[in-house]
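Going by numbering that gives the first Met the number 0, the first residue of the sequence shown is number 0, and it counts up by one from there.
A virtual CB, placed ideally from N, CA and C, is assigned to each residue, including glycine.
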Amino acid sequence: MTLLAFQQQHYKQLIDWIDSAELNYLWGGPAYQYPLTVESIDAHCSQAEVEPYLYAHQGQAAGFVELYRHSNDIARICRVFVAPQFRGQGVAKTMLRALIREARSQGYSEITLCVFSHNPSAIRCYHSLGFVEVKRKHGVREFDGESWELIHMVQKLQIN
């Protein structure tokens, strides 16, 4: 189980995984338009503050996650995705633990994330990893005419 630097040769895998407009918005919020393209992924991942990772499990691509540098002390976990065949096996938790270790090793003292309130499995996963809810925002994200509530979560990191 390994976090690998997400590179151009991995873009097609991400495009294949994100196969609907709703999944695209659930996964990426307003950062990407559907359908994903090589160009849009490249433009997003080329930003200096974005560190994208492919997660490999037993030699297979199992997930995607980003670490976003918010400031020198604070990073944000973004765009968490687990491939359908790996869901329900603890892969998200293992992938996120690896990302949290990476954030800690880079000297971040706090890590944040946002999750839609209608994604209970993700919320449970984040709580189990020690994230706590700090606020809810209503009316800031909308998909297909429906407002999606956004939950902000945070975890303080112990620097080793």
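TODO: Could you please give me the residues that DSSP links to VAL153 through a beta bridge?
DONE: Residue numbering aside, residue 153 sits at position 154 when the sequence shown is read from its first letter. Answer is THR111, VAL131.
Task: Contact check, GLU65 vs PRO51, beta carbons under 8 Å - done: The residue you call residue 65 lines up with position 66 of the sequence shown. The residue you call residue 51 lines up with position 52 of the sequence shown. For GLU65 and PRO51, yes; Cβs fall inside 8 Å.
Task: Contacts around PHE142, its chain only, beta-carbon distance under 6 Å, and the 5 residues preceding and following it disregarded - done: For the purposes of this step, residue 142 is identified with residue 143 of the sequence shown, where counting begins at 1. If we look at PHE142 and ignore the five residues flanking it on each side, its Cβ neighbours are TYR24.
Task: Straight-line Cα distance separating ILE14 from PRO34 - done: Here residue 34 refers to the residue found at position 35 of the sequence shown. Here residue 14 refers to the residue found at position 15 of the sequence shown. Approximately 8 Å between the Cα atoms of the pair.
Task: VAL90 and VAL81 closer than 8 Å at C-beta - done: In the sequence shown, residue 90 corresponds to position 91, counting from 1. In the sequence shown, residue 81 corresponds to position 82, counting from 1. Contact: yes.
Open item on the list: Given a cut-off of 8 Å on the beta-carbon distance, is the pair THR111 and ARG75 in contact?
Closed with: Within the sequence shown, residue 111 is the residue found at index 112, counting from 1. Within the sequence shown, residue 75 is the residue found at index 76, counting from 1. Yes; because the gap between Cβ atoms is below 8 Å, this pair is in contact.
Task: Candidates GLN12, GLN32, LYS11, of which the one nearest ALA20 by Cα - done: Along the sequence shown, one-based indexing puts residue 20 at 21. Out of GLN12, GLN32, LYS11, GLN32 has the C-alpha closest to the C-alpha of ALA20.
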